[in-house]
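Accompanying notes for the structure given below.
Residue numbers (full-length UniProt numbering): 1 to 1248.
If you want it as structure tokens, here you go:
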């Protein structure tokens, strides 16, 4: 059912007199009823308008009703009726003269907008302006279709012009007047453009629109104005070239004014939207020619856009819009545009300013604005930038290449821009999948190569100006050469040679040192940052060598640099690869390799940086000792002076300005702290003394000195009383190509941690290489293993032998390097223990084997020892817990020498065990009981009787006459055991309990039999009473000196020898006639001469660094006028020749000993008449108090051999810093011909 008011409208002809009320009541009808009968309602309205066309009475009411209906349909509630309205306008609307009525009323409203009654009506009409003009245009079209243009002349056009003129007048009013209406006009006016251009001249319409925009004051409604222009651009009008000729200058002027540097509050968002819309339209292919329009934008807006982008923060959300606009402008510019743009600059300085800001902008914006996954956008941007860079490079060559106009900073910026372009992640095709890479190459090509080739050409164009870029451009060129593209590398690496050549030609010294240093610095940074690979190392070396070898003056120095860079790259690549490794040991090894290189090249800045990296790795692993030695290398570079530290000498975290003395003191304090944590108190004391001397004599800081001395006192106490486990040493060989280059086919000595045994160490090692195979043989691998792709590990345990060793296989002790101040002194074992496993570089591994047929009755006769000695590159401890083995030698120890060593070790252990038991009665007696029982009652092994059967027979002496002296040494060692056993049994009797009394009685009985036998055959040995004396310190603590086997032999004196002991024994004990003395002297001379010759040959054949088994003894001849002190006479049968050794052992205890030779005491031969008799106790003097002299007629003594405990290392007294690893170029001499082995010991069977 129709509503009454709506029904009245539809039947308006029945009551024409009530038409005013009917039209007014229509706007009170519910909207849903109107849209139901939309077509009927509109027909009624336009019928009223057409049938009353001669009058203007109802035009305004019909206009208002029409605006009401259009507004109603525009409401969101009824917006789905828009298609119904569109259909009505296109198919059912037929009012040919409606346009005249509608434009008339609209012009009236706009012209009288200041009237309050009409303001709201005008605002509503503007909101409905789109559909009002749809009716107007459709009415005009129908009119033209029926009547043509002749009927109304220019009335319609004039009405449109009047309307725009009214709009212009309205917009030019002050802002506070009709601001609502102005905003509505700007918002809704562009919506009529597409319709009105169909019935109005487009160019004239463009002019009207331009005047409309110009009528708006610059400071009013800026955003709305720019939005209005943006909709104009989006209209069909802007796609016509003639219309663009009118509109575009207006738009560019408006944008230029907004983006001007002096603009107060530019609306960047609206400007960016307008500019991007314009550029988007110009980039279309259906909009006609655009070249002149692009040129207009380039001239007026490009520089503005550039400066806007430069001024914006990169975090601004709008910078991406402007970057896209700038990219679009550059993309649409052709070569003529670029040339024209440069020609617009009035001066050369203007060009410089433009290029400088452009280069900076490109470099800052490339790939840093758009998200990384916007691949297409980033690639398009890079492609456009590349074209622009190439265009601007031509400008550089044209205007700024000549010497008079050369601009260094401009060229520098160009090179930095091209490097940034080349190395940008967007262009690194290797990081993409193959499919994606192919698509990029097909569409964009490899832009890196294009840029690299252009940059190479630009470099060669520089001519004599190249020197201005060295060394500043070394780093950037290096970045380019490191790009993983083979052709690009081949094209750019020769630039390095060109740089070398330039510096060589222009430097005063004809060198390229500046280039070399800069290249090494930058190469370290780049490789550590992830650039470079093995192919680059090979290519760099190859290209540089090819160029250098063809050069007249750079052939040698250039080749050295090429090989140097190859070595550096190898180390750096290994270091970079291993930094991702979970094994800190591997990272440490590579770090040391790198810092060794920089130390050798005297690059202290990089060297110190890697030192602290190594220090941090050690601290992470709690390797405090190695961390201390690492820091000590830094301290070595500093002086005790007030000179300010160079910046590169200050640690990376040091912000304070240090003097060298301050920094060195700080480092020493830190080092001492680490050494204390690592229980290396001896080294801490050594550094503390040096620091104390500085505080006492130079700094005069006595408070700090007192603290240092207190620390030293604590360290001394810790040495004696603190528990300090001895570290194990392990030899590890890595064989196979599967290992990293710094391990491959090499052997290392490892210093174990506290309580780390071979099993634990092996498991840890194999966990680092889960694919490795542990070798079960100690034989060196063949080529099939060394060159295999797999991994094989050889592990030997090199440990210091404990009192009760529980590892029998592969156990070798480090060779003790006895400090000079301890030689021939009674030194407590706690002090010596440090030197047993520290300050060492030689390690030995012994393996028993048989030579010849096995003697079923005595296996000792054919038991030989194969002894392998390893020498490491550096001493332990050091900056690593392992060092590479630099030389290996193998020697064979005869059964007799083995027996001597075994007896020496047994005597040494027995002596010190007896001494400990005698000094500390609280110790358990069980170790002493077992030791004594094992010697005096050897039920299983047979004791030294096996030696008698093997070596003391006439048959053996006849077959081995050269062993005569060694046999006497062995006899002396057997005899030396008796006084030690006697003292041990005495102490055992004092400490034995009732339960142990039977055992003690058994020991006494067995010892009496043993003693009788030994003294009968080998003589009586006496030792000084100081052996068992307790030496007390000033504070009352007991000091127990550790006595070595060689010292025991020198302390001992043979007092009785049986006449039936051997064929070498002297006459009867009572005979002292010259007749008995001369033969003995002759025999002694013969023995000495033969022994000396044998030893000379042996030394010649052995490795020069191998160590003999005895202590060096020095002899002196007493002054002729010196009278010997009155002492007890030695039995004539035991009096020695004129060679005597005088030494001192303990304070207050002295004795004089004459020995047959400096290596071992032999049974005495009659001494010369002029030589006074010596006492039965030996007197030991320091090496500084003895001198050598020969008695006429007596052959010189044999050259002394070094004992394993007594190598010469005089530097221990002064040197306090660890040596920096230096390559050992010298190869060790070959082993003796008869005992010659390969590099590593070869065993037929693995040792058991």
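By construction, the Cβ of each residue, glycine as well, lies at the ideal position given by its N, Cα and C atoms.
A quick note: this is a predicted structure, and the numbers were derived from the prediction, not measured.
Legend entry - Three-way DSSP call (helix, strand, coil) for residue 852 in this model: The residue you call residue 852 lines up with position 852 of the chain shown. If DSSP states are grouped into helix, strand and coil, residue 852 belongs with coil.
Inset, instruction - Identify whether residue 19 lies in helix, strand or coil by the three-state DSSP scheme. - result: Reading the chain shown from its first residue, position 19 is the one you call residue 19. Helix at residue 19.
Inset, instruction - Classify residue 225 as helix, strand or coil using the three-state DSSP reduction. - result: Within the chain shown, the letter at position 225 stands for residue 225. In the structure shown, residue 225 sits in a helix (DSSP, three-state: H, G or I).
Legend entry - Spatial neighbours of residue 237 in its chain, beta-carbon cut-off 7 angstroms, leaving aside the 5 residues before and after: The residue given as residue 237 occupies position 237 in the chain shown. Taken in chain order, the residues that qualify are 193, 197, 202, 205, 206, 243.
Legend entry - 7 angstroms Cβ shell around residue 417 - same chain, five flanking residues per side excluded: As a position in the chain shown, residue 417 is number 417, starting the count at 1. Answer for residue 417: 359, 362, 363, 389, listed in chain order.
Inset, instruction - Assuming residue 843 and residue 946 form a contact by the criterion Cβ under 8 angstroms, report the distance between their Cβ atoms to the nearest whole angstrom. - result: Taking the chain shown and counting its residues from 1, the one referred to as residue 843 is at position 843. Taking the chain shown and counting its residues from 1, the one referred to as residue 946 is at position 946. At roughly 29 angstroms, the Cβ-Cβ gap does not stay under 8 angstroms, so residue 843 and residue 946 are not in contact.
Inset, instruction - Put residue 841 into one of helix, strand or coil per three-state DSSP. - result: As a working mapping, residue 841 is identified with position 841 in the chain shown. Of the three classes helix, strand and coil, the one that applies to residue 841 here is strand, per DSSP.
Inset, instruction - Taking residue 67 as part of the alpha helix (DSSP H), name the residues at either end of that continuous run. - result: As a first step, residue 67 is located in the chain shown; it is residue number 67 there, counting from the start. Its alpha helix (DSSP H) spans residues 59-74.
Legend entry - Host beta strand (DSSP E) of residue 732 (start-end): Taking the first residue of the chain shown as 1, we reach residue 732 at position 732. Note, residue 732: beta strand (DSSP E), 729-735.
Legend entry - Given 8 angstroms, three or more beta-carbon pairs between the region 659-666 and the region 625-643: yes
Legend entry - Classification of residue 128 by the beta-carbon crowding that lies within 10 angstroms, buried from 16 upward: Taking the first residue of the chain shown as position 1, residue 128 is located at position 128. Residue 128 is buried by the Cβ-count criterion.
Inset, instruction - For residue 1253, collect the residues of the same chain with a Cβ closer than 7 angstroms to its Cβ; drop the 5 residues on either side in sequence, then sort them by chain order. - result: Absent from the structure is residue 1253, since the part of the chain shown begins at 1 and ends at 1248.
Inset, instruction - From the DSSP output, read off the bridge partner residues of residue 869. - result: For this step, residue 869 is matched to residue 869 along the chain shown. Answer is 844, 889.
Inset, instruction - Just mark residue 372 as buried or exposed, buried being the case when its beta carbon has 16 or more other beta carbons within 10 Å. - result: Along the chain shown, one-based indexing puts residue 372 at 372. So residue 372 ends up on the exposed side.
Legend entry - Proximity of residue 881 and residue 750 at Cβ, strictly below 8 angstroms: The residue you call residue 881 lines up with position 881 of the chain shown. The residue you call residue 750 lines up with position 750 of the chain shown. Cβ distance < 8 angstroms, so residue 881 and residue 750 count as in contact.
Inset, instruction - Please report how far the alpha carbon of residue 386 lies from the alpha carbon of residue 375, in whole angstroms. - result: Counted from its first residue, the chain shown places residue 386 at position 386. Counted from its first residue, the chain shown places residue 375 at position 375. Each residue's alpha carbon lies about 16 angstroms from the other.
Legend entry - Own chain residues within Cβ distance below 6 angstroms of residue 678, not counting five before or after: In the chain shown, residue 678 corresponds to position 678, counting from 1. Around residue 678: 624, 625.
Inset, instruction - Spell out the partners DSSP gives residue 949 in its beta bridges. - result: Here residue 949 is taken as the residue at index 949 of the chain shown, counted from 1. Residue 949 is not bridged to any residue.
Inset, instruction - May I ask you to list the residues that DSSP assigns as paired with residue 884? - result: Stepping through the chain shown from its first residue, residue 884 is reached at position 884. Looking at the DSSP assignment, residue 884 forms a beta bridge with 748.
Legend entry - residue 425 (DSSP reduced to helix, strand or coil): Within the chain shown, numbered from 1, the residue matching residue 425 stands at position 425. Three-state DSSP puts residue 425 in a helix.
Inset, instruction - Output the boundary residues of the beta strand (DSSP E) element that contains residue 1022. - result: Residue mapping note: residue 1022 aligns to position 1022 of the chain shown, counting from 1. Where residue 1022 is concerned, the enclosing beta strand (DSSP E) stretches over 1020-1022.
Inset, instruction - Please state if the CB of residue 239 and the CB of residue 195 are separated by a distance shorter than 8 angstroms. - result: Along the chain shown, read from residue 1 onward, the residue named residue 195 stands at position 195. Along the chain shown, read from residue 1 onward, the residue named residue 239 stands at position 239. Their beta carbons are not under 8 angstroms apart, which means residue 195 does not touch residue 239 by this criterion.
Legend entry - Chain-order list of residues whose beta-carbon lies under 8 angstroms from that of residue 305 (same chain, five-residue window excluded): As a position in the chain shown, residue 305 is number 305, starting the count at 1. Closer than 8 angstroms at the Cβ level, and outside the excluded window around residue 305, lie 259, 275, 322, 325, 326, 329.
Legend entry - Identity of the residue in 988, 1017, 944, 541 nearest residue 920 by Cα: Taking the chain shown and counting its residues from 1, one reaches residue 920 at position 920. Cα-wise, what sits closest to residue 920 is 988.
Inset, instruction - Report the rounded CA-to-CA distance for residue 840 versus residue 717, giving the unit in angstroms. - result: Taking the first residue of the chain shown as position 1, residue 840 is located at position 840. Taking the first residue of the chain shown as position 1, residue 717 is located at position 717. Using only the alpha carbons, I get a separation of about 24 angstroms.
Inset, instruction - Output the boundary residues of the alpha helix (DSSP H) element that contains residue 80. - result: Residue numbering aside, residue 80 sits at position 80 when the chain shown is read from its first letter. First-last for residue 80: undefined, no H or E at that position.
Legend entry - Outcome for residue 485 when other beta-carbon atoms lying within 10 angstroms are tallied against a minimum of 16: For the purposes of this step, residue 485 is taken as residue 485 along the chain shown, with counting starting at 1. Buried is the call here.
Legend entry - Sufficient close CB pairs (3 or more, under 8 angstroms) joining the region 463-482 to the region 553-573: no
Inset, instruction - Tell me whether the beta-carbon of residue 421 lies closer than 8 angstroms to the beta-carbon of residue 458. - result: The count along the chain shown starts at 1 and reaches residue 421 at position 421. The count along the chain shown starts at 1 and reaches residue 458 at position 458. Cβ atoms of residue 421 and residue 458: not closer than 8 angstroms.
Inset, instruction - Kindly examine the ligand ZN and report whether one of its heavy atoms sits closer than 7 angstroms to the Cβ of residue 956. - result: The ligand ZN is not part of the structure shown, which contains no ligands of any sort.
Inset, instruction - Taking the CB atoms as reference points, tell me whether residue 475 and residue 518 lie closer together than 8 angstroms. - result: In the chain shown, residue 475 corresponds to position 475, counting from 1. In the chain shown, residue 518 corresponds to position 518, counting from 1. Yes; because the gap between Cβ atoms is below 8 angstroms, this pair is in contact.
Inset, instruction - Please classify residue 467: is it buried, with 16 or more other beta-carbons within 10 angstroms of its beta-carbon, or exposed? - result: Counted from its first residue, the chain shown places residue 467 at position 467. Residue 467 comes out exposed.
Inset, instruction - Leaving out five residues on either side along the sequence, give the residues of the same chain with a beta carbon under 6 angstroms from the beta carbon of residue 61. - result: Counting from 1 along the chain shown, the entry for residue 61 is found at position 61. 23, listed in sequence order.
Inset, instruction - Go ahead and pull the three-state DSSP assignment for residue 497. - result: Taking the first residue of the chain shown as position 1, residue 497 is located at position 497. It is helical.
Inset, instruction - Look up residue 659 in the DSSP assignment and give the residues it is bridged to. - result: Counting from one through the chain shown, the residue named residue 659 turns up at place 659. DSSP, once it has assigned bridges, lists 644 as partnering residue 659.
Legend entry - Nearest candidate by alpha-carbon position, reference residue 817, set 427, 719, 616, 835: Reading the chain shown from its first residue, position 817 is the one you call residue 817. Nearest option by C-alpha distance: 835.
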